[in-house]
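Scroll down for the structure; my scribbles are underneath it.
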Amino acid sequence: MTATAPDLPARLLDEYRRRLTQISGASAAGIDELMGAVDRGADGYAGLVESVEAMGLPGLLAARAEAARLVEDDGVTYGYGAAGRPGRGWVIDPLPLIIGSGEWAAVAAGVAQRARLWDALLSDLYGARRLLQSGVLPATLVLAHDGFLPVIDGIRHPGAHQLVLTATDIARDERGAWTAIGDRTQVPSGSAYAMANRRITARVMAGLHRRSPLVRLRSWFEDITRALQEIAPAGADLPRVVVLSPGAQSETAFEMAFLATLLGIPIVESEDLTTRGGRISIRAGSRIEKVDVLLRRVDADYSDPLDLRPESRLGVTGLVESSRLGNVSVANPLGSAVLENPALQAFLPRLAQELLGEDLLLPNAQTWWCGTDSDRRHVLDNLATLVVKPISRRSGVARFGWELSASARADLRARIEARPWEWAAQEPVSISSTPIVTRRGLEPRRVVLRTFGVATEGGYEVLSGGLARVAAFDGQHLIANTTGALTKDVWVLARPGTERPLVSLDTRRARLLPERVPVGLAARVADNLFWVGRYAERAEGTARLLRVADDLAEDHASRPGTPGRAAMETIVGAVDALTGSSRGEISIVDHLRALLIDETRAGTVAWSVMRLVLATYEVRDQLSLDTWIVLGRLERALREIPGDEKQLQPQIARLLESLLAVSGITAEGMVRDATWGFIDAGIRIERALHTLALLRLTIAVPGAPVVEGQVSEAVLAACESIITHRRRTASGTGPTAPAESAVSILLFDATNPRSVAYQLGRLQGALALIDEGEPNSEVEVLLAELVPSPALFDDERRALRALLAQVETRLRSLSDDIARRHFARKAPQHSLPLAWSSARLGPR
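Numbering-wise (our numbering), the sequence shown opens with residue 9 and increments by one.
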């Protein structure tokens with residue numbers, strides 16, 4: 009691309025070209041391409057070039073590394089990773105794509121028009137079907153597409169528009185003009201990723217961001233909230249809106265959670281919902297609350313196993329019927345995937361005239377549908393120069409004819425000839441480039457911009473900017489996240505005085521509405537929150553015990569027959585019992601290191617951390633955004649522990665620092681409601697069980713006084729209570745015998761945050777949050793039984809062991825009771841396939 013920037017004086021253009029050439033090492037022709045791909049506005053372009061010059065290549069590489077670190081800290085994920093974790097496939101180039109206000113106004117008008125056009129087409133296809141009857145659209149083009157769902161014919165939600173959200177992929181062509189190359193209308197994704205990119209790029213390029221007059225993004229997400237409220241069924245004064253997710257294993261799970269956070273609405277999955285009397289409701293223990301609007305992120309044919317795919321476990325049984333009855337609204341509507349048929353691009357200019365009475369503002373790539381004889385002949389005659397696409401995305405990706413071998417091209421020809429209506433082809437667009445940071449300097453790569461629209465009362469509002477996806481390597485034609493594309497933040501320069509103010513949602517709601525009691529947490533959410541608490545505490549407790557065991561091993565492993573060695577063996581034996589492991593023939597230090605970093609073995613610190621991370625992914629929308637910063641550091645701390653380092657203490661200290669940060673952000677970043685209650689209940693039960701088991705395995709087994717003293721101090725140190733023991737012993741305010749002092753402090757002392765008595769008191773409070781203030785009788789019984797007695801320290805200590813075992817058993821029983829009452833999952837659905845019939849379509 010050789011487009012120039014007419015607003016810049018020629019002298020400045022030459023100077024910027026020279027500077028960029030020096031910094032990037034690119035050719036003069038490459039710099040022309042970089043410049044043309046940035047902005048036609050002088051201020052935005054000049055600011056970017058000045059920042060690039062000031063940073064130099066070392067600064068640019070540092071910015072790229074900082075962006076990668078922030079991606080991890082913010083928990084931005086895409087795709088699939090190992091061990092069931094979301095993938096780390098999100099890469100942000102630090103240099104933003106800048107677009108001037110005048111240029112963006114034309115782009116936004118074209119994108120908004122396409123949204124209006126798709127909305128009108130959707131209404132016609134599931135309504136009067138005038139376009140099919142008149143022949144403007146061939147019936148085969150629509151009816152043969154797997155996104156057309158006859159079963160939802162005639163269903164409409166309230167509101168001026170049926171299509172709530174849209175996305176359009178656009179690119180500059182060789183003339184510098186923007187061209188549409190595809191649309192997403194079923195579950196358009198990427199807008200929350202665009203916001204995540206903005207948050208990160210604003211920190212990486214902070215100076216440039218502060219100086220640039222940018223259009224902000226937040227108000228557009230306010231528009232989504234309003235659009236979802238406006239399609240709610242009649243009578244829903246304060247609609248309950250939820251995001252229907254396919255689950256934490258979805259490749260875009262981060263975006264769904266972040267979008268839910270931005271909108272202030274919960275994420276639900278199939279098992280969280282139930283259908284009764286034609287209404288969709290959230291299941292929360294014994295309570296249910298009606299759902300009014302579903303922001304759907306599940307493909308339409310998986311959304312209802314009753315009327316659509318019977319084998320689906322992602323959808324809601326009866327969703328179609330509930331929609332037909334007007335009890336729930338779905339955005340985007342079921343059946344909207346039919347609009348993603350690329351063959352429709354060939355008919356858009358005429359459709360714009362038929363449906364809107366307007367010329368198409370944003371041109372398409374030239375498109376041919378193989379369902380007509382003339383288009384099919386043209387495609388088959390020019391296979392080597394066209395981009396060939398199946399009309400359904402499930403039938404595969406685009407084929408670039410010039411990249412195919414002779415045999416592959418022959419196979420494609422045969423497939424088109426056998427089922428021509430299933431194929432379309434497009435003239436390739438010469439996509440322009442944008443600069444990205446590489447180790448060799450700035451390099452031009454092709455870029456595609458995904459734009460987003462949301463329905464408003466007056467039409468569609470377009471997000472100012474969008475998500476820029478950049479080719480991962482030179483010559484890449486299929487630019488998508490699935491093919492490893494990089495991403496960029498997109499900056500639209502604002503005209504002075506045109507920035508939209510944020511609008512409080514309170515101004516859109518009717519006054520004097522009755523206050524609604526918050527619905528309880530769904531069983532899946534409550535279960536995962538509980539185990540977030542348990543796994544976080546388990547990892548910390550195990551790490552503390554390993555630190556003490558390693559310290560003893562350093563001093564006494566080479567001294568057999570000494571009291572210190574005996575104390576070490578007692579503590580290491582307790583470690584093995586608590587983690588369910590055995591040392592075998594390896595050294596004690598290697599054994600302890602494995603218990604720290606081996607995530608493949610249940611019971612290790614790394615295994616608990618992995619389970620903690622997986623549990624947090626399941627409830628992303630319930631946790632503070634800062635959670636991902638501390639979890640990212642925690643995972644890095646584990647990865648950076650060397651496998652052959654002799655000293656474990658510094659590594660354990662770093663790990664504990666990260667685990668304490670997890671505890672801190674959880675304790676200080678959450679409102680004390682049921683969400684907090686489940687996490688805190690998990691923490692208290694896990695800490696109490698750990699302490700009870702540790703006391704039972706060590707102090708409850710009598711030994712020689714010298715050994716017992718060292719073991720008792722080791723246990724106190726592992727439970728962060730050694731200073732309290734020493735102060736009380738020195739002042740005469742506690743038992744002088746170390747074993748008795750340890751039991752007093754760790755079992756009975758309700759003022760010690762590490763004691764069992766303290767955990768039970770906190771557990772009672774957590775369960776009151778969960779059970780709406782009802783006291784738990786089982787905890788009260790446990791507190792009443794937890795009374796010190798001289799008989800606990802007889803010669804055999806049977807009474808102590810019996811008490812510890814009794815409390816431990818009761819506590820496990822209480823944990824099981826919490827699970828039965830709050831974590832009971834919905835039974836698997838078994839639906840019978842139903843054939844579509846005219847009777848289910850309703851009268852016409």
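Using N, Cα and C, we set each Cβ at its ideal position, and we do this for glycine too. Quantities reported herein were computed from a predicted structural model and do not represent experimental measurements.
*Tell me whether Q434 sits in a helix, a strand or coil according to DSSP, three-state version.*
As a first step, residue 434 is located in the sequence shown; it is residue number 426 there, counting from the start. In this structure, Q434 counts as strand in the three-state DSSP scheme.
*asked:* V336 and S344 - do their beta-carbons sit closer together than 9 Å?
replied: Residue numbering aside, residue 344 sits at position 336 when the sequence shown is read from its first letter. Residue numbering aside, residue 336 sits at position 328 when the sequence shown is read from its first letter. No. Outside cutoff.
*asked:* On the CB-based measure, 16 or more other CB atoms within 10 Å of its CB, does I160 come out buried or exposed?
replied: Locating residue 160 in the sequence shown gives position 152, counting from the first residue. With 16 or more other Cβ atoms within 10 Å, it is buried.
_Cα-Cα separation, R317 to A308_ = For the purposes of this step, residue 317 is taken as residue 309 along the sequence shown, with counting starting at 1. For the purposes of this step, residue 308 is taken as residue 300 along the sequence shown, with counting starting at 1. For R317 and A308, the distance between alpha carbons rounds to 9 Å.
_Checking 9 Å against the spacing of the C-beta atoms, do A373 and V437 come in under that value?_
The count along the sequence shown starts at 1 and reaches residue 373 at position 365. The count along the sequence shown starts at 1 and reaches residue 437 at position 429. Result yes, Cβ atoms of A373 and V437 sit closer than 9 Å.
_Contact between the segment 430 to 448 and the segment 157 to 173 is defined here as three or more beta-carbon pairs at a separation below 8 Å; is this criterion met?_
No, because fewer than three Cβ pairs between the segment 430 to 448 and the segment 157 to 173 fall closer than 8 Å, the two stretches do not touch.
*asked:* Given this structure, state the Cα-to-Cα distance separating G286 from G326, to the nearest angstrom.
replied: Within the sequence shown, the letter at position 278 stands for residue 286. Within the sequence shown, the letter at position 318 stands for residue 326. The straight-line gap from Cα to Cα measures roughly 7 Å.
*Roughly how many whole angstroms lie between the Cα atoms of G272 and L225?*
Here residue 272 refers to the residue found at position 264 when the sequence shown is read from its first residue. Here residue 225 refers to the residue found at position 217 when the sequence shown is read from its first residue. If I take the Cα positions, the gap works out to 16 Å.
*Distance, Cα to Cα, A114 vs L368?*
Looking up residue 114 in the sequence shown gives position 106. Looking up residue 368 in the sequence shown gives position 360. Spanning the two alpha carbons is a distance of roughly 12 Å.
*Terminal residues of the continuous beta strand (DSSP E) containing Y468?*
As a working note, residue 468 is residue 460 in the sequence shown. Taken as a continuous stretch (DSSP letters only), the beta strand (DSSP E) holding Y468 covers G467 to V470.
*Tell me, please, which residues DSSP counts as bridged to Y543.*
Your numbering for residue 543 matches position 535 in the sequence shown. BP columns for Y543 are empty, so no partner.
*Whole alpha helix (DSSP H) runs in the segment 255 to 303 with 4 or more residues, listed along the chain?*
If we require 4 residues or more, the alpha helix (DSSP H) runs fully inside the segment 255 to 303 come out as 261 to 271.
_So G603 and V613 are supposed to be a Cβ contact under 8 Å. How far apart are they, rounded?_
Counting from 1 along the sequence shown, the entry for residue 603 is found at position 595. Counting from 1 along the sequence shown, the entry for residue 613 is found at position 605. The question names Gly, yet the displayed sequence has Leu at residue 603. Correct: roughly 7 Å between the Cβ atoms.
*Can you tell me the Cβ-Cβ gap for V250 and P274, rounded? I've got them flagged as a contact below 8 Å.*
For this step, residue 250 is matched to residue 242 along the sequence shown. For this step, residue 274 is matched to residue 266 along the sequence shown. About 5 Å separates the two Cβ atoms, so the contact holds.
*Closest by CA to A623, which one among W410, L668 and R532?*
Within the sequence shown, numbered from 1, the residue matching residue 623 stands at position 615. When each option's Cα is compared against that of A623, the closest is R532.
*asked:* Ignoring anything shorter than 4 residues, give me the alpha helix (DSSP H) runs that lie fully in the segment 366 to 409, in order along the chain.
replied: 381 to 389
_One or two residues paired with R96 in a DSSP bridge_ = As a first step, residue 96 is located in the sequence shown; it is residue number 88 there, counting from the start. Looking at the DSSP assignment, R96 forms a beta bridge with Y86.
_CA-to-CA distance, D606 to V540, given in whole angstroms_ = Here residue 540 is taken as the residue at index 532 of the sequence shown, counted from 1. Here residue 606 is taken as the residue at index 598 of the sequence shown, counted from 1. V540 and D606: Cα-Cα distance of roughly 20 Å.
*To the nearest angstrom, report how far apart E548 and P241 are at their CA atoms.*
Looking up residue 548 in the sequence shown gives position 540. Looking up residue 241 in the sequence shown gives position 233. Straight-line Cα distance between these residues: approximately 48 Å.
*Do you know how far the Cα of H733 is from the Cα of G740?*
Mapped onto the sequence shown, residue 740 falls at position 732. Mapped onto the sequence shown, residue 733 falls at position 725. About 10 Å.
*Determine the extent of the alpha helix (DSSP H) in which W112 is found, giving its start and end residues.*
Within the sequence shown, numbered from 1, the residue matching residue 112 stands at position 104. Note, W112: alpha helix (DSSP H), S109 to L133.
*Less than 8 Å between the CB atoms is what I'm expecting for A750 and P571, so what's the real figure, rounded?*
For the purposes of this step, residue 750 is taken as the residue at position 742 of the sequence shown. For the purposes of this step, residue 571 is taken as the residue at position 563 of the sequence shown. Between P571 and A750 the Cβ distance is about 17 Å, and since that is not below 8 Å, they are no contact.
*What number of angstroms, rounded off, separates the C-alpha of P522 from the C-alpha of L777?*
On the sequence shown, residue 522 is found 514 positions in, with the first residue counted as 1. On the sequence shown, residue 777 is found 769 positions in, with the first residue counted as 1. For P522, the predicted structure reports a pLDDT of 48, less than 50, and the residue's modelled location is therefore unreliable. A value from the coordinates is still provided. Taking the straight line from one Cα to the other gives about 23 Å.
*asked:* Could you compute how far the alpha carbon of R662 sits from the alpha carbon of R77?
replied: Your numbering for residue 662 matches position 654 in the sequence shown. Your numbering for residue 77 matches position 69 in the sequence shown. Whole-angstrom Cα-Cα distance: 18 Å.
*Decide if F481 is buried, meaning its Cβ has at least 16 other Cβ atoms within 10 Å, or exposed.*
Here residue 481 corresponds to residue number 473 of the sequence shown, with the count starting at 1. Exposed is the call here.
*Would you decide whether E238 is buried or exposed? Buried here means 16 or more other CB atoms lie within 10 Å of its CB.*
On the sequence shown, position 230 is the one that residue 238 refers to. Result: buried.
*Closest by CA to Y201, which one among R735, M264 and H599?*
Here residue 201 refers to the residue found at position 193 when the sequence shown is read from its first residue. The option with the nearest alpha carbon to Y201 is M264.
*Can the beta-carbon of A479 be found closer than 9 Å to that of R447?*
To locate residue 479, count along the sequence shown from 1; it is residue 471. To locate residue 447, count along the sequence shown from 1; it is residue 439. Cβ atoms of A479 and R447: not closer than 9 Å.
_Helix, strand or coil at D177 according to DSSP, with G and I counted as helix_ = For the purposes of this step, residue 177 is taken as the residue at position 169 of the sequence shown. Residue state, collapsed to three classes: strand.
*Under 9 Å between C-beta atoms, does V764 make it to chain B?*
Within the model displayed, chain B is absent; a lone protein chain is all it includes.
*Are the beta-carbon atoms belonging to V670 and A534 less than 9 Å from one another?*
What you label residue 670 is simply residue 662 of the sequence shown in a count that begins at 1. What you label residue 534 is simply residue 526 of the sequence shown in a count that begins at 1. Not a contact, by the Cβ cut-off of 9 Å.
_Limits of the alpha helix (DSSP H) - the one that I239 falls within_ = Counted from its first residue, the sequence shown places residue 239 at position 231. From DSSP, I239 is part of no alpha helix (DSSP H); its letter is neither H nor E.
*Nearest-angstrom Cα distance between W429 and V324?*
The residue labelled residue 429 in the question sits at position 421 within the sequence shown. The residue labelled residue 324 in the question sits at position 316 within the sequence shown. W429 and V324: Cα-Cα distance of roughly 32 Å.
_Counting beta carbon pairs with one atom in the segment 587 to 602 and one in the segment 761 to 768, are three or more of them shorter than 8 Å?_
no
*Mind checking W410: buried by the 16 CB within 10 Å criterion, or exposed?*
Within the sequence shown, the letter at position 402 stands for residue 410. Flag for W410 reads exposed.
*Can you have a look at D82 and say buried or exposed, based on whether 16 or more other CB atoms are within 10 angstroms of its CB?*
The residue you call residue 82 lines up with position 74 of the sequence shown. By the neighbour-count rule (16 or more Cβ atoms within 10 Å), D82 is buried.
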